[in-house]
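Asker: The structure's right below; bear with me while I get my questions together.
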Amino acid sequence: MAKLRQRRTGPLVLELDLTEGLSEGPPADPVTALLSMRKPRLAEVLSGLRRARKDPRVTALIVKIGGNPLGLGMVQELREAVVKLRAAGKPTVAFAETFGEFGAGTVPYYLASAFERVYLQPSGDVGLTGVALEQRFLRDALARAGVEYQLGQRHEYKTAANMFTQNHMTDAHRESAARIAESVTEQITAGIAEARRLTPERVRELIDQGPFIGAEAVEAGLVDGLKYRDEVYAETVEDGAHLLYVSRYAKSALSGKLPHPGADTVALVHGTGMIRLGRSGRSPLGGGGAMGSDTVCAALRAARRDDKVKAIVFRVDSPGGSYVASDAIWREVVLAREAGKPVIVSMGDLAASGGYFVSMAADVIVAQPGTLTGSIGVFGGKPVVGELLGKLGVATESVAEGANAGMFSPTTAFSETQWERVNAWLDRIYDDFVGKVADGRGLSRERAHELAKGRVWTGADARAAGLADELGGLEDALAMARRRAGLPTAAPVRTYPRMHPLERLRPAESSEDRSAAISRIRLEAWGPLARLAGELGLPAYGPLALPGYWTIR
């Protein structure tokens, strides 16, 4: 009993293990739930760190930063939360075995620099080397194989299809990529300089000198010491302190008390992954999750029709996808606003093309400085593989009724008439997209077209251009939603859609008892299949980079 009482009342050292990365939103299907079971959820981590600022029991935060890359937007959300925790007088410690083992480590180190103390394993390195955006071009290789892509795009900055249609960067492509690299470098340089008490000029010099061996990183003032994990914990964890994972700590705030069923609330709707018609979930071929219009529209409708929901935060992390599906989601955002419920969009790492389409009707758009957004444009077409099939000895014959019945067959090229129809389709979508941007953002159509043309912007540049309203993260968006709805600062948040076949595995309380803990699954409605998952030691898989977009590391 005394030991249990001490754990409830004694000092706490919070832990966060980012070795497997973070999960952006709730899983949409059982497979996603199992594959992400080792990842903490971003919203829980942010909630836990916010609560820790005012909790006298919390004496420190230790975060292990691993090699699994986090997106720049997510890193900036975590940095902001850590800076606020430091300002509240809580010691914060970052530990890494290495920031890039013979590889780039700029973004992981950028995250670590926000902490009061940064420690590196003696054998580790600091791969602070800057930002590089690399694009592969497949046109010539595909041509040798007998494949030609017939793709149209609106306009010159809509470069996602260039990997198939070009063998080099166009001037517009290079201009856009160069500005993204420049903007991101500015943000990283300023953040490291402020946190490590260096001048921006000195940080820029260090970037050009990297990567650094551990001892060199200490001498340059990038890390505070070379220590193994046990040494870091021995220095940070005082006698009698209890270790607790941040996500577990966040959920413990609700233990023993449930929100009043009649309380006014803010709805949180997640839209993550490629946008498609139908339900959210994973592609049968892999490659991560998808934002299904049926699922997201139903969530927005449910929030709109719930009298207790006074505002909606729509968290968007998507590279785009189906125009029709995006338009359906856009309509539900419009209807929520017409129903008198403020809609605040919080952009994650990426909210581009269709990801911007579903966001642009909101009352307020909040983005991180490093969010990639915009890409207001469209491309479409098909690969023509008839020559390749012929080389392989595959013969194709068809019968058709209708002049354009075989228009979308990949074995033959578009005729001149069919190509005219493709271009009419692209023009209609682009005009609709730009018109809705102008209406939603209060811009003239000419100005909206200037900012569109398919160009990708960082969140910082998007805000300066009027495509976003505020710089910040999910916590900022939730606070803004509460203010706009006239709710108290502690008003509860309810996640929509509310039912999931398998929500998550409960994590162990800390790294000390993880190996001894029995994995458990919290069930909401569909339990039988999920009960087996606790015994499965499935690994977590990171997201795959999509063609036409860059992973900044």
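When we follow the numbering used here, the leftmost residue of the sequence shown carries the number 663, and every step to the right adds one. From the three backbone atoms N, C-alpha and C, an ideal C-beta is built for every residue, glycine too. Every value quoted in this text rests on a predicted model; they were computed, and no experiment measured them.
With DSSP run on the structure shown, which of helix, strand or coil describes LEU930?
Answerer: As a first step, residue 930 is located in the sequence shown; it is residue number 268 there, counting from the start. DSSP places LEU930 in strand when its eight states are reduced to three.
Asker: Can you grab the Cα-Cα spacing for the pair LEU684 / THR832, in whole Å?
Answerer: Against the sequence shown, residue 684 aligns to sequence position 22. Against the sequence shown, residue 832 aligns to sequence position 170. In a straight line, the C-alpha of LEU684 is about 35 Å away from that of THR832.
Asker: How big is the Cα-Cα spacing for ALA998 and THR721?
Answerer: Along the sequence shown, one-based indexing puts residue 998 at 336. Along the sequence shown, one-based indexing puts residue 721 at 59. One C-alpha to the other measures close to 42 Å.
Asker: Mapping the DSSP letters down to three states, classify THR768 as helix, strand or coil.
Answerer: Taking the sequence shown and counting its residues from 1, one reaches residue 768 at position 106. Reduced to three states, the DSSP call for THR768 is helix.
Asker: Do you know offhand how far GLU677's Cα is from GLY924's?
Answerer: Working through the sequence shown from its first residue, we reach residue 677 at position 15. Working through the sequence shown from its first residue, we reach residue 924 at position 262. Going by the C-alpha atoms only, they are around 34 Å apart.
Asker: Taking only three categories from DSSP, how would you classify ARG1176?
Answerer: As a position in the sequence shown, residue 1176 is number 514, starting the count at 1. The predicted model places ARG1176 with a pLDDT of 43, which falls under 50 and marks its position as unreliable, so this point remains unresolved.
Asker: When the Cα atoms are used, what is the spatial distance from LEU1136 to ASN1066?
Answerer: Here residue 1136 refers to the residue found at position 474 when the sequence shown is read from its first residue. Here residue 1066 refers to the residue found at position 404 when the sequence shown is read from its first residue. Cα to Cα, LEU1136 sits roughly 47 Å from ASN1066.
Asker: Within the same chain, show all residues whose beta-carbon is closer than 7 Å to that of GLY1128, passing over the 5 residues directly before and after it, in chain order.
Answerer: The residue given as residue 1128 occupies position 466 in the sequence shown. Here the set comprises ARG1103 and LEU1105.
Asker: What separation, rounded to the nearest whole angstrom, lies between the Cα atoms of ARG1144 and GLY687?
Answerer: The residue labelled residue 1144 in the question sits at position 482 within the sequence shown. The residue labelled residue 687 in the question sits at position 25 within the sequence shown. If I take the Cα positions, the gap works out to 20 Å.
Asker: Mind checking whether GLY1121 and GLY1055 have CB atoms under 9 Å apart?
Answerer: Looking up residue 1121 in the sequence shown gives position 459. Looking up residue 1055 in the sequence shown gives position 393. It is not a contact, given that the beta carbons lie outside the stated cut-off.
Asker: For ARG938, which residues does DSSP report across the bridge?
Answerer: Residue 938 sits at position 276 when you count from the first residue of the sequence shown. Bridge partners of ARG938: GLY954.
Asker: What number of angstroms, rounded off, separates the C-alpha of PHE1095 from the C-alpha of MET1069?
Answerer: The residue labelled residue 1095 in the question sits at position 433 within the sequence shown. The residue labelled residue 1069 in the question sits at position 407 within the sequence shown. If I take the Cα positions, the gap works out to 25 Å.
Asker: Quick check on TYR985 - is its C-beta less than 9 Å from some C-beta in chain D?
Answerer: In the displayed structure, chain D is absent; only one protein chain is listed.
Asker: Looking at the secondary structure, which residues open and close the alpha helix (DSSP H) in which ARG1090 lies?
Answerer: Walking along the sequence shown from the start, residue 1090 turns up at place 428. Taken as a continuous stretch (DSSP letters only), the alpha helix (DSSP H) holding ARG1090 covers 1078 to 1103.
Asker: Restricting to Cα atoms, I'd like to know which of VAL780, GLY762, PHE764 and SER709 is closest to LYS746.
Answerer: The residue given as residue 746 occupies position 84 in the sequence shown. It is SER709 whose Cα lies nearest to the Cα of LYS746.
Asker: Using the C-alpha atoms, what's the distance from VAL1028 back to MET1009?
Answerer: Locating residue 1009 in the sequence shown gives position 347, where the first residue counts as 1. Locating residue 1028 in the sequence shown gives position 366, where the first residue counts as 1. The alpha-carbon atoms of MET1009 and VAL1028 are separated by roughly 6 Å.
Asker: Determine the direct distance from the alpha carbon of ALA743 to that of LYS913, and round the result to whole angstroms.
Answerer: Indexing the sequence shown from 1 puts residue 913 at position 251. Indexing the sequence shown from 1 puts residue 743 at position 81. Cα to Cα, LYS913 sits roughly 17 Å from ALA743.
Asker: Just to confirm the assignment, what range does the beta strand (DSSP E) spanning ILE724 have?
Answerer: For the purposes of this step, residue 724 is taken as the residue at position 62 of the sequence shown. That run of the beta strand (DSSP E) goes 720 to 726.
Asker: I'd like the ranges of any alpha helix (DSSP H) spanning at least 4 consecutive residues and lying wholly in the stretch 794 to 874.
Answerer: You should have 801 to 807, 824 to 827, 833 to 858 and 862 to 871.
Asker: Going by the DSSP bridge assignment, what does PRO1045 pair with across the sheet?
Answerer: Here residue 1045 corresponds to residue number 383 of the sequence shown, with the count starting at 1. DSSP lists TYR811 as partners of PRO1045.
Asker: For the alpha helix (DSSP H) that contains GLU763, what are its first and last residues?
Answerer: Here residue 763 corresponds to residue number 101 of the sequence shown, with the count starting at 1. Element bounds for GLU763: n/a, residue is neither H nor E.
Asker: Look at the alpha carbon of ALA1024 and the alpha carbon of SER1037, and state the distance between them as a whole number of angstroms.
Answerer: Start at 1 with the first residue of the sequence shown, and residue 1024 comes out as number 362. Start at 1 with the first residue of the sequence shown, and residue 1037 comes out as number 375. Spanning the two alpha carbons is a distance of roughly 17 Å.
Asker: From GLY792 to HIS835, what distance separates their C-alpha atoms?
Answerer: As a position in the sequence shown, residue 792 is number 130, starting the count at 1. As a position in the sequence shown, residue 835 is number 173, starting the count at 1. So the two alpha carbons sit approximately 20 Å from each other.
Asker: Do the stretch 1138 to 1155 and the stretch 968 to 987 touch if we need at least three Cβ pairs shorter than 8 Å?
Answerer: yes
Asker: Using DSSP bridges, identify the partner residues of TYR1018.
Answerer: By 1-based counting over the sequence shown, the position of residue 1018 is 356. In the DSSP output, where bridge partners are listed per residue, TYR1018 has none listed.
Asker: Grouping DSSP H, G and I as helix and E and B as strand, with all else coil, what is SER914?
Answerer: Taking the first residue of the sequence shown as position 1, residue 914 is located at position 252. Here SER914 sits in helix by DSSP.
Asker: In the structure shown, what three-state DSSP assignment does LEU674 receive?
Answerer: Counting from one through the sequence shown, the residue named residue 674 turns up at place 12. In the structure shown, LEU674 sits in a strand (DSSP, three-state: E or B).
Asker: Give every residue of the same chain whose Cβ lies closer than 6 Å to the Cβ of ARG941, excluding the five residues on either side of it in the sequence, and list them in chain order.
Answerer: As a position in the sequence shown, residue 941 is number 279, starting the count at 1. Only GLY954, ASP956 and THR957 meet the Cβ criterion.
Asker: If we call anything under 9 Å between Cβ atoms a contact, is ALA823 one with PHE1076?
Answerer: To locate residue 823, count along the sequence shown from 1; it is residue 161. To locate residue 1076, count along the sequence shown from 1; it is residue 414. Not in contact: ALA823 and PHE1076 (Cβ atoms no closer than 9 Å).
Asker: Looking at the structure shown, is LEU1113 part of a helix, part of a strand, or coil, going by DSSP?
Answerer: On the sequence shown, residue 1113 is found 451 positions in, with the first residue counted as 1. Note: LEU1113 maps to helix in three-state DSSP.
Asker: Is the beta carbon of LEU888 closer than 9 Å to that of GLY786?
Answerer: Numbered from its first residue, the sequence shown carries residue 786 at position 124. Numbered from its first residue, the sequence shown carries residue 888 at position 226. A contact, by the Cβ cut-off of 9 Å.
Asker: Please report the residue range of the beta strand (DSSP E) in which SER1060 lies.
Answerer: Residue mapping note: residue 1060 aligns to position 398 of the sequence shown, counting from 1. Looking at the DSSP string, SER1060 is not in any beta strand (DSSP E), and its letter there is neither H nor E.
Asker: Please give me, in chain order, every unbroken run of the beta strand (DSSP E) with length at least 3 that falls completely inside the stretch 988 to 1038.
Answerer: For the stretch 988 to 1038, whole beta strand (DSSP E) runs of length 3 or above, ordered along the chain, are 1005 to 1014, 1026 to 1029 and 1034 to 1036.
Asker: Going along the chain, which residues of its own chain have a beta-carbon closer than 7 Å to the beta-carbon of SER1177, five neighbours each way excluded?
Answerer: If you number the sequence shown from 1, residue 1177 lands on position 515. Unreliable placement is indicated for SER1177, whose pLDDT of 36 sits below 50; the coordinate value is still reported in the next sentence. Here the set comprises nothing.
Asker: Quick one: give me the first and last residue of the beta strand (DSSP E) that LEU905 is part of.
Answerer: For the purposes of this step, residue 905 is identified with residue 243 of the sequence shown, where counting begins at 1. From DSSP, the beta strand (DSSP E) with LEU905 extends over 904 to 907.
Asker: Whose CA, out of GLU994, ARG806, ALA1013 and LEU1012, lies closest to the CA of PRO1004?
Answerer: The sequence position of residue 1004 within the sequence shown is 342, counting from 1. Comparing Cα positions, the closest option is GLU994.
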